[in-house]
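Before any comments, here is the structure.
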Amino acid sequence: MEYGCNGCGDFRTSALSIRNVDGNTVTDMRYEGYRIYAGKPSIDPLPAVYLNSESEADTLEIDMADKVTGMRVTLIYTAFNSLDVIIRSARIENASQRPADIDRAMSMCVDLPGMDYDLITLYGRHCKERSEERRPLAHGLQGIASKRGVSSHCQNPFAALVSKNADENSGEAYGFNLVYSGNFEFCTECDYSGTSRILMGINPTDFTWHLEPGESFQTPEAVMVHTSKGIGEMSRIYHKLYNFNLVPGKYRTEKRPLLINSWEAAFFDFDTDKLVSFAERAKEFGMDMLVMDDGWFGKRDGDCSGLGDWDVNETKLRGGLGKLVDQVRSLGMQFGLWFEPEMISEDSDLYRSHPDWAIRIPDRAPMRSRYQLLLDMTRQEVQDYLYEKISGVLHSAAISYVKWDMNRSISDWYSATLPAAQQGELPHRYVLGLYALLERLTAEFPDVLFEGCSGGGGRFDAGMLYYCPQIWCSDDTDAYERTRIQYGTSMIYPISAVGSHVSVVPNHQTGRITPMETRGITAMAGSFGFELDLQKLSEEDKKTVAAQIKQFKEYGPLIHGGKYYRLSDPFTENSAFWSFVAQDDSEVLVQGVVFRTAPNMRRKALRLAGLCPESRYQDTASGEIYTGAALMHGGLLLPQTWGDYCPVMFP
Ligand code: GLA
1 MEYGCNGCGD
11 FRTSALSIRN
21 VDGNTVTDMR
31 YEGYRIYAGK
41 PSIDPLPAVY
51 LNSESEADTL
61 EIDMADKVTG
71 MRVTLIYTAF
81 NSLDVIIRSA
91 RIENASQRPA
101 DIDRAMSMCV
111 DLPGMDYDLI
121 TLYGRHCKER
131 SEERRPLAHG
141 LQGIASKRGV
151 SSHCQNPFAA
161 LVSKNADENS
171 GEAYGFNLVY
181 SGNFEFCTEC
191 DYSGTSRILM
201 GINPTDFTWH
211 LEPGESFQTP
221 EAVMVHTSKG
231 IGEMSRIYHK
241 LYNFNLVPGK
251 YRTEKRPLLI
261 NSWEAAFFDF
271 DTDKLVSFAE
281 RAKEFGMDML
291 VMDDGWFGKR
301 DGDCSGLGDW
311 DVNETKLRGG
321 LGKLVDQVRS
331 LGMQFGLWFE
341 PEMISEDSDL
351 YRSHPDWAIR
361 IPDRAPMRSR
371 YQLLLDMTRQ
381 EVQDYLYEKI
391 SGVLHSAAIS
401 YVKWDMNRSI
411 SDWYSATLPA
421 AQQGELPHRY
431 VLGLYALLER
441 LTAEFPDVLF
451 EGCSGGGGRF
461 DAGMLYYCPQ
471 IWCSDDTDAY
481 ERTRIQYGTS
491 MIYPISAVGS
501 HVSVVPNHQT
511 GRITPMETRG
521 ITAMAGSFGF
531 ELDLQKLSEE
541 DKKTVAAQIK
551 QFKEYGPLIH
561 GGKYYRLSDP
571 FTENSAFWSF
581 VAQDDSEVLV
591 QGVVFRTAPN
601 MRRKALRLAG
611 LCPESRYQDT
621 ASGEIYTGAA
631 LMHGGLLLPQ
641 TWGDYCPVMF
651 P
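Per this note's numbering, the very first residue in the sequence shown carries number 1; after that it's consecutive.
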């Protein structure tokens, strides 16, 4: 029952389903033996949580076998010593003399006694990612999934089972998160006996995997967290684990560059002079990096053409990329640029020379999305082409950052290189191809900061975080909307991973007008950057931006390195408040937004959390001193607000 199998008396949804050579789908895995050792095995070629030292965790491997078919399973559990985390995955091996096909192989299967839990998931859509949804567990099946080829805007590969009374600071919470960027499924099945089966892994729909004798299949990892200290503590465990055991390279600990991005400032309409002028202004404000977004390559003045042609457009960038990068760097700024490697426009030189590289069914008109098709990432020649192009660009100039975008869901699944019986392998092979390319490029450019993106936050998952220390959270940059999107994202993903920028008002996505301070406070609760034409700011806004940058330079280490507390719920309350508490509890920064102001408002006290009750904390703005106990039980009296979307900050 530890890894429920199909067709042998366990009638619930199974973790494993294998089609044997004669077509029967019965598997009966029985325990054979186990090993326990210090450390954690690699599950190459998949991204995985890593250890910094062997003493951080121990691993248990359980061997199981079906004596009739000869199929074997190894269940892998890594338990952390100082964090309440268990990582699970499974390896399925064909130890028989005949081929077999896997129809379903989940990363984890847990049977929890009882069903007195609520299920929390994160649903959404483009520009509205990761909204929290909480519902009671019920008899039968419940769950979430993606069939979009990516983890998706619509459901994140995360779910939590929490006790009925669980809130941010108390109650039981079990978290489940998949380290995977493709099709996934999470489901619960509560049966007649009141047991809750929990399954998470690659979505079995559109999935098969063929195993010849001697071959094996490794599932992605599921990260399981448990706490009895509430939903907030579950998030902080994930944040800590992902900050130190998942995010790659030097940016794990190093300060992230404060950047200005050209997209909402200029869209496709820029040239070298305009970009250099953006960099000059940004430098005056103390920013660190200019990012040139979409539009710098091939024939790309709009959405309809150019993807795949990763050669600099010298009509826009006269003198080439090197000249632009040199000019930006001579100002003392770093330079970054945008790619959307997995895509191909039909109006591109690449498509004209390799139409068969696109994922499509030969005799069917493909479904287009944002006018583009996808490259078949399973093909070695496609991976090699992208590697040559991207590494060529990165070697050609001093580039410090890459935004790796992916702007559509995948449909028309068909690969010209796979046999008919193995077309069901394409969705997973696509993800493996993507990871292989990211592995090659991040190994070759360890100092380049890769930021993930997918039409905003459509592929915000732990698989991408393994390569990209930060991921663009949403194309919705409206500060009010962002308080909700970032609230949901913070359920699992660390604050430093949340790509967030200040943009113009009226906002490009909603038309809403929010104060500059509010936009700054919201963007600061993330990687922090700007995405507007600084030259067009009013004198007053310029002063505010300068002050925000100064603040971020001071508080950035606390924001990215502290413990994150959600203090109010923007989905149900008239405000979003959050705080960052230093790891040693010595400092706290409180930030938030009050959405609607009314005359003669009752002033509310905001209760803080996670402080040392006996310590004294000083509000450095007012000079008031409070004990931690007073702040946690009595609270901070919020000011009278003026105007809607009013920013509040207690440093
Ligand atoms: C996506 C991204 C944006 C921007 C555009 C460029 O929508 O989410 O940030 O890069 O593509 O086309």
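Backbone N, C-alpha and C fix where the C-beta goes; we use that ideal spot for every residue, glycine too. Keep in mind it's a predicted model, so treat the numbers as computed, not measured.
7 Å Cβ shell around residue i - same chain, five flanking residues per side excluded
| i | result |
| --- | --- |
| Arg459 | Val150, Ser151, Ser181, Met406 and Gly452 |
| Asp348 | One point to set straight first is that residue 348 is Ser, not Asp, in the sequence displayed. Cβ within range, chain order: Gly298, Ser305, Gly306, Leu307, Gly308 and Asp309. |
| Pro570 | Thr483, Arg484, Tyr487 and Ala576 |
| Gly320 | Val312 and Glu314 |
| Phe445 | Leu394 |
| Asp447 | Lys250 |
| Asp644 | Phe595, Arg596 and Thr597 |
| Trp263 | Asp293, Asp294 and Glu531 |
| Glu54 | Ala38 and Gly39 |
| Leu51 | Gly39, Lys40, Ala57 and Asn245 |
| Ser396 | Leu321 and Gly322 |
| Gly526 | Cys473, Gln486, Ile495, Val498, Gly499 and Ser500 |
From the options, residue whose alpha carbon lies closest to that of residue i
| i | options | result |
| --- | --- | --- |
| Arg519 | Ser500, Asp22 and Asp271 | Ser500 |
| Pro204 | Val402, Arg148 and Ala358 | Arg148 |
| Ala462 | Leu331, Phe11 and Leu246 | Leu246 |
| Glu340 | Leu51, Gly456, Asp191 and Thr544 | Gly456 |
| Asp111 | Ala15, Arg104, Ser146 and Val312 | Ala15 |
| Ser107 | Asp475, Pro157 and Val26 | Pro157 |
| Met292 | Phe285, Val325, Asp303 and Glu539 | Val325 |
| Met601 | Gly628, Leu637 and Asp619 | Leu637 |
| Met632 | Ala609, Cys473 and Gln618 | Ala609 |
| Lys436 | Ser411, Pro47, Leu290 and Gln155 | Going by the sequence as given, residue 436 is Ala instead of Lys. For the residues Ser411, Pro47, Leu290 and Gln155, the minimum Cα distance to Ala436 belongs to Pro47. |
| Met524 | Asp541, Ile495 and Glu540 | Ile495 |
| Tyr401 | Thr195, Ser42, Leu259 and Gly623 | Leu259 |
| Phe450 | Arg616, Trp338, Phe528 and Met516 | Trp338 |
| Lys283 | Met464, Gln470, Val328 and Gly322 | Val328 |
| Phe80 | Glu346, Val223 and Leu441 | Val223 |
| Gln470 | Thr253, Gln155, Ser42 and Ser196 | Thr253 |
| Thr13 | Arg603, Val21, Glu2 and Asp22 | Glu2 |
| Ser454 | Ile410, Trp404 and Thr442 | Trp404 |
Bridge-paired residues (DSSP) for residue i
| i | result |
| --- | --- |
| Ser575 | Val594 |
| Ile120 | Arg134 and Ala160 |
| Arg19 | Asp101 |
| Gln142 | Thr188 |
| Arg30 | Ala65 |
| Ile344 | Leu373 |
| His153 | The partner list for His153 (beta bridge, DSSP) is empty, contrary to what the question assumes. |
| Lys403 | Trp338 and Glu451 |
| Thr472 | Sequence inspection shows Trp at residue 472; the Thr mentioned does not correspond to that position. Gly499, per the DSSP bridge assignment. |
| Tyr617 | Tyr626 |
| Ile92 | Val73 and Phe217 |
| Val393 | The partner list for Val393 (beta bridge, DSSP) is empty, contrary to what the question assumes. |
| Phe650 | Val590 |
| Lys563 | Val581 |
Whole-angstrom C-beta distance between residue j and residue i, which should lie under 8 Å
| i | j | result |
| --- | --- | --- |
| Phe580 | Ile559 | 5 Å |
| Gly635 | Leu611 | Between Leu611 and Gly635 the Cβ distance is about 12 Å, and since that is not below 8 Å, they are no contact. |
| Asn169 | Tyr238 | Not quite, the Cβ-Cβ distance comes to about 16 Å (not below 8 Å), so this is no contact. |
| Val162 | Ile120 | 6 Å |
| His139 | Cys190 | 5 Å |
| Gln218 | Asp288 | Not really, about 39 Å apart at Cβ, beyond 8 Å. |
| Ser277 | Gln535 | 7 Å |
| Lys240 | Leu83 | 6 Å |
| Thr227 | Ala173 | 5 Å |
| Glu212 | Pro355 | That pair is no contact at about 32 Å. |
| Leu434 | Glu342 | 7 Å |
Beta-carbon contacts of residue i that lie in its chain and below 6 Å, excluding the five residues immediately before and after
| i | result |
| --- | --- |
| Pro136 | Asp118 |
| Asp101 | Arg19, Thr208 and His210 |
| Val49 | Ile87, Asn245 and Leu246 |
| Pro639 | none |
| Tyr77 | Leu60, Ile86 and Arg88 |
| Tyr626 | Tyr617 |
Cβ-based neighbour list, residue i, same chain, cut-off 8 Å, excluding 5 preceding and 5 following
| i | result |
| --- | --- |
| Pro557 | Lys255 |
| Tyr414 | Ile359, Arg360, Ile361, Pro362, Gln423 and Leu426 |
| Thr25 | Asn6, Gly7, Ser17, Ile18, Arg19 and Asp103 |
| Cys127 | Gly456, Ser474, Asp475, Asp476, Glu481 and Gln509 |
| Asp271 | Lys316, Leu317 and Arg318 |
Beta strand (DSSP E) runs wholly inside the region 407–470, at least 3 long, in chain order: 449–452
Give, in chain order, every unbroken run of the beta strand (DSSP E) that is at least 3 residues long and sits entirely within the region 256–344. 259–261, 289–292 and 334–339
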